[in-house]
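The next block holds one structure in the form of structure tokens; read it before the comments.
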Amino acid sequence: MNAAHHAMTKPAMGARTVWSLFFHRLGAHRLAVGSAVFLAVLGVLAFATPAIEAVLGVDANLVDLSRRFQGPSRAHLLGTDELGRDLLVRLLYGGQVSLFVGIVAALASAVTGTVVGLLAGYYGGRLDAFLMRLTDGVIALPLLPLLIVLAALDLTKLGLPESVVQDPNISLYRIIVIISLVGWTTVARLVRAAALSVREMDYVLAATAAGAGGLRIMAVHILPNVISPIIVASTLSVGNVILLESVLSFLGLGIQPPIASWGNMLTGAQELIWSSPELAFYPGMLIFVTVIAFNFLGDGLQDAMDPRAIEG
Amino acid sequence: MTRYVMGRLVESVIVLVIMSFVIYALIGLMPGDPIDLMIKSDPRLTPADAARLRAVYGLDKPLAERYLHWAMAALSGDFGHSRLYVQPVLDVMPGFLLNTFNLMGLTFVISIVIAVPVGVYAALRQHSAGDYAINLACFAGISVPIFWLALMLIIVFAVLIPVLPASGVSSVGGGGFLDRARHLVLPVVTLTIFSIGSYTRFMRASTIEVMRQDYIRTAFAKGASRNRVVVRHALRNALLPVVTIIALSFGTLFSGALITETMFAYPGMGKLIYDSIMGNDFNMALVALLFATLVTLLANLAADLAYAWLDPRISYSGGGGTPR
Numbered sequence: 004m005n006a007a008h009h010a011m012t013k014p015a016m017g018a019r020t021v022w023s024l025f026f027h028r029l030g031a032h033r034l035a036v037g038s039a040v041f042l043a044v045l046g047v048l049a050f051a052t053p054a055i056e057a058v059l060g061v062d063a064n065l066v067d068l069s070r071r072f073q074g075p076s077r078a079h080l081l082g083t084d085e086l087g088r089d090l091l092v093r094l095l096y097g098g099q100v101s102l103f104v105g106i107v108a109a110l111a112s113a114v115t116g117t118v119v120g121l122l123a124g125y126y127g128g129r130l131d132a133f134l135m136r137l138t139d140g141v142i143a144l145p146l147l148p149l150l151i152v153l154a155a156l157d158l159t160k161l162g163l164p165e166s167v168v169q170d171p172n173i174s175l176y177r178i179i180v181i182i183s184l185v186g187w188t189t190v191a192r193l194v195r196a197a198a199l200s201v202r203e204m205d206y207v208l209a210a211t212a213a214g215a216g217g218l219r220i221m222a223v224h225i226l227p228n229v230i231s232p233i234i235v236a237s238t239l240s241v242g243n244v245i246l247l248e249s250v251l252s253f254l255g256l257g258i259q260p261p262i263a264s265w266g267n268m269l270t271g272a273q274e275l276i277w278s279s280p281e282l283a284f285y286p287g288m289l290i291f292v293t294v295i296a297f298n299f300l301g302d303g304l305q306d307a308m309d310p311r312a313i314e315g
Numbered sequence: 004m005t006r007y008v009m010g011r012l013v014e015s016v017i018v019l020v021i022m023s024f025v026i027y028a029l030i031g032l033m034p035g036d037p038i039d040l041m042i043k044s045d046p047r048l049t050p051a052d053a054a055r056l057r058a059v060y061g062l063d064k065p066l067a068e069r070y071l072h073w074a075m076a077a078l079s080g081d082f083g084h085s086r087l088y089v090q091p092v093l094d095v096m097p098g099f100l101l102n103t104f105n106l107m108g109l110t111f112v113i114s115i116v117i118a119v120p121v122g123v124y125a126a127l128r129q130h131s132a133g134d135y136a137i138n139l140a141c142f143a144g145i146s147v148p149i150f151w152l153a154l155m156l157i158i159v160f161a162v163l164i165p166v167l168p169a170s171g172v173s174s175v176g177g178g179g180f181l182d183r184a185r186h187l188v189l190p191v192v193t194l195t196i197f198s199i200g201s202y203t204r205f206m207r208a209s210t211i212e213v214m215r216q217d218y219i220r221t222a223f224a225k226g227a228s229r230n231r232v233v234v235r236h237a238l239r240n241a242l243l244p245v246v247t248i249i250a251l252s253f254g255t256l257f258s259g260a261l262i263t264e265t266m267f268a269y270p271g272m273g274k275l276i277y278d279s280i281m282g283n284d285f286n287m288a289l290v291a292l293l294f295a296t297l298v299t300l301l302a303n304l305a306a307d308l309a310y311a312w313l314d315p316r317i318s319y320s321g322g323g324g325t326p327r
């Protein structure tokens, strides 16, 4: 069926705007809605962790060796880890880190990819050929081994000042930078393909005739047409970034303790699977649920934004 | 077609050369350098000795010069010695390669054998409960952190119900075929769960696309049975893009293999790369990384060529461009 038919099934609502159609379709994707709610709750909890710490009267980084491996109790709702720290607030801090890294790296990748794709698609020719070979080259690389190398680099040898290298949050920034370095290719291709087709449209010709420059055409006429695939790709890539961050942190190359991340909470867990398997269970389960939520949300957004999907 | 093949070949070689330089430069930025390691193992070395050693190994030269020197030696077949394995790096690799080949090959075959029929089934019963369940399973497979999946499988099948070995390629003192096969079960299951979700989704999407085509309607109109239409007409055409995408995702499968091998202490190329980076074995890391890049590039090249060869509608007179 088509949009007209769809609208006609509910004549009382009259003509529908693009946005009401979008929300209607997104609402029909129950998994995506559930995922959005879950992510919102997780986000609020994760960023309210200092308050939760205060309410519960625990400290995520307080090492207390006399309270190791405790089961759930009133003082520690999920028990304590191998250093006697409260598991629940560490999980929440880990969520803060994973969400922050995932969203920031996905945004940075989206911006880079959009710029590369717009330049390649709009200007074409040699610039296009060069940028697309570069994109193909990055896509063709075995990602994880390279990320491991990048994560293991000695920053002082890169000429960064000591104050930057010693920053307690450096592992956070480093992981965002290296993932953004390789994560922009999907968006670059999507934007290029869209820019190629839009650039031939009559209204772009009209804008050119009216004297609009390349920058204005790209920003005003092409970008709005490619925004929905960018949003879909970026949502899906948040999940991928979280997976990459967690595996690098797990291997000891990502987020460094004492900052908690779901990945580095699992680093020691392999030795503990006999004594307390739940320490290995919770962080991984949270990574899994969060990543699947971003994937469902991306899938739902894709269906809701794809004009061809109306027939479904 | 020949021009296209040549163009893609030249392109791959250029990417490989650039990557060899990038990886060489990156390895030089790793913490610690070979001379520091020598000083650590022999405290009698003076700073003057260290400087002389740097000169002997050419470490005082600029990066480009060192790279050219390395590249010349590499072209004549000398890739240097491995620090961890105390052997020429090329002698270290074959055993690891074979193990990775077994792991990835088995995973690949099992994934395809399951993903193709399941993907077609889901496509033919779009929006059914079965399709919905398959879709959920695929998302789960795509979203699960593979190192944690490995950990959970170890907990369940090696700790709680100790039926399978959790690490290595064989029991201590070797073992027969059956023993080696038992050691492969958990790594292959892990890597299969990691890869099968995206394969199935590709297959489903591709089949849905093909089933909308006019020639499918024509085949039905001519009275062909549903099975015949699906197997003879739809499947072939649906497989084409899937083959390409799967070959293009070789790098992803290799990344998954790296984690799987590390988790199960399975001596393959991924673990070799990880261990050599962690153990400051720079010669080994460099060659193993380059080899992984080479194989990934070859897989991509094969995907492009297979696509060009299998799809008669595409002609490549221009050369150089990728059919995407």
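Chains as they are written, first to last, in the numbering used here: chain A, 4 to 315; chain B, 4 to 327.
Where a beta carbon is used, it is the ideal one built from N, C-alpha and C, also for glycine.
Quantities reported herein were computed from a predicted structural model and do not represent experimental measurements.
For B:Y277, the chain A residues whose C-beta falls within less than 7 Å of its own C-beta are I151, listed in chain order. At least one CB of chain A lies nearer than 8 Å to the CB of B:L292. When 9 Å is used as the limit between beta carbons, A:N298 is near these residues of chain B: F142, I145, S146, in chain order. Any Cβ of chain A closer than 8 Å to the Cβ of B:T299 would place that residue at the interface, and such an atom is present.
B:H72 is the residue among B:I149, B:H72, B:Y277 whose C-alpha sits nearest the C-alpha of B:G80. Pairing A:A197 with A:V223 gives a Cβ-Cβ distance that is not under 8 Å. Residue B:T299 holds the alpha-carbon nearest to the alpha-carbon of B:L256 among B:T247, B:T299, B:F285.
The alpha-carbon of A:V40 is positioned some 19 Å away from that of A:Y96. For B:H130, the secondary structure class from DSSP, reduced to helix, strand or coil, is coil. Pairing B:R204 with B:G122, the inter-Cα distance amounts to about 6 Å. Taking C-alpha positions only, B:L242 is separated from B:I38 by approximately 53 Å. Ranked by Cα distance from A:P261, the options A:G30, A:N172, A:R28 are led by A:N172.
Sequence-distant Cβ neighbours of A:G74 in its own chain, meaning closer than 7 Å and more than five residues away, are G82. Interface flag for B:S258 against chain A is set, since a Cβ pair is found closer than 8 Å.
Note on geometry: alpha-carbon atoms of A:V241 and A:I290 lie some 12 Å from one another. Only A272, Q273, I276, W277, P280, A283, F284 from the segment 271-285 of chain A bring a Cβ to less than 8 Å from some Cβ of chain B.
Residues are counted here when their Cβ sits less than 9 Å from a Cβ of chain B; for the segment 140-168 of chain A these are G140, I142, A143, L144, P145, L146, L147, P148, L149, L150, I151, V152, L153, A155, L156, D157, L158, T159, K160, L161, given in chain order. In its chain, beyond the 5 residues on either side, no residue has a beta carbon closer than 6 Å to the beta carbon of A:H27.
By the rule that beta-carbons nearer than 8 Å mark a contact, A:I230 does not touch chain B. Residue contact with chain B for A:L94: absent (no Cβ-Cβ distance below 8 Å to any residue of chain B). Of all residues in the segment 9-23 of chain B, the ones placed with a Cβ closer than 9 Å to any Cβ belonging to chain A are E14, S15, I17, V18, I21, M22, in chain order. With fewer than 16 other CB atoms across the displayed protein chains lying within 10 angstroms of its CB, A:W22 is exposed. In the structure shown, A:D89 adopts extended strand secondary structure according to DSSP, grouped into three states.
For A:Q305, the uninterrupted alpha helix (DSSP H) run begins and ends at 280-308, by DSSP. Between A:A51 and B:A311, the alpha-carbon positions lie close to 54 Å from each other. Here the segment 184-203 of chain B makes contact with the segment 159-172 of chain B; the two share three or more CB pairs at distances below 8 Å. Closest in C-alpha terms to B:N283, from the list B:I42, B:P34, B:Y202, comes B:P34. Between B:A288 and B:I30, the beta carbon gap of about 6 Å places them in contact (Cβ cut-off 8 Å). Annotation: B:M41 to B:I26 spans about 23 Å, alpha carbon to alpha carbon. Closest by C-alpha distance to A:E85, out of A:S76, A:R71, A:G98, is A:R71. For A:L226, the enclosing alpha helix (DSSP H) starts and ends at 226-253. Among the residues of chain B, those whose CB is under 7 Å from the CB of A:G242 are S146, following chain order.
Per DSSP, the continuous alpha helix (DSSP H) segment holding A:A209 begins and ends at 205-212. B:G83 has a beta carbon lying at 8 Å or more from every beta carbon in chain A. For B:A126 and A:D302, the gap between their C-alpha atoms comes out near 17 Å.
A:T188 has its alpha-carbon roughly 30 Å from the corresponding atom of B:R239.
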